[in-house]
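Heads up: the structure comes next, in C-alpha cells.
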Amino acid sequence: MATLLDTLRQLIARLQGRTATPAEAALLTGLMRALEVTSEDELSCGVVYDLMDQYAEAKLRGEDMGEITPLIEMHLLMCGHCREEFEMLLEMMQMPTAASKLQSS
5 MATLLDTLRQ LIARLQGRTA TPAEAALLTG LMRALEVTSE DELSCGVVYD LMDQYAEAKL
65 RGEDMGEITP LIEMHLLMCG HCREEFEMLL EMMQMPTAAS KLQSS
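Note that this note's numbering has the sequence shown beginning at 5, numbered continuously upward.
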C-alpha cells in the first residue's frame with residue numbers, strides 16, 4: 005500500500021509542466037484534506053491491526069480502551085483498508101456460532 009507521501013510525490017511528478025485533469029485535481033484535494041487532519045500521534049496500520057481484535061471486543065461490550073480509543077477511531081476513519089477489515093471482523097464476531105445454534109434449539 006502506497007503511503008500518503010508516495011502518492012503525493014507520484015502526483016506531483018505527473019503534473020510537472022501541465023494542468024491537472026479533473027481526476028488528478030480531485031485526488032490532490034483528497035490528499036490535502038487527509039493532511040489537514042493528520043496529527044503527530046497517529047497509529048500505523050500495523051499497530052491498529054494488532055489491536056483490532058481487542059478493540060472489536062471492547063466495542064461490542066460497549067467498553068472504552070482508554071487513551072488509545074480515539075487514536076484507533078481516527079485511523080479507522082482515515083484508512084479505508086483498516087476500516088473494511090474492522091467491519092468484517094465485527095460482522096464475524098456478531099455471527100452466531102454453530103455451538104450456540106445447537107444450544108438454543
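Every residue gets a Cβ at the ideal spot worked out from N, C-alpha and C, and that includes glycine.
CB contact flag (residue i, residue j, <8 Å)
i          : j          : result
residue 47 : residue 97 : no
residue 56 : residue 93 : yes
residue 15 : residue 31 : yes
residue 11 : residue 35 : yes
residue 54 : residue 75 : no
residue 90 : residue 60 : yes
8 Å CB neighbourhood of residue i in its chain, flanking five on each side removed
i          : result
residue 86 : 49, 52, 53, 56, 79 and 80
Residues near residue i by beta carbon distance below 7 Å, same chain, minus five either side
i          : result
residue 21 : none
Complete alpha helix (DSSP H) runs within the stretch 28–96 (minimum length 4 residues, chain order)
49–65 and 72–82
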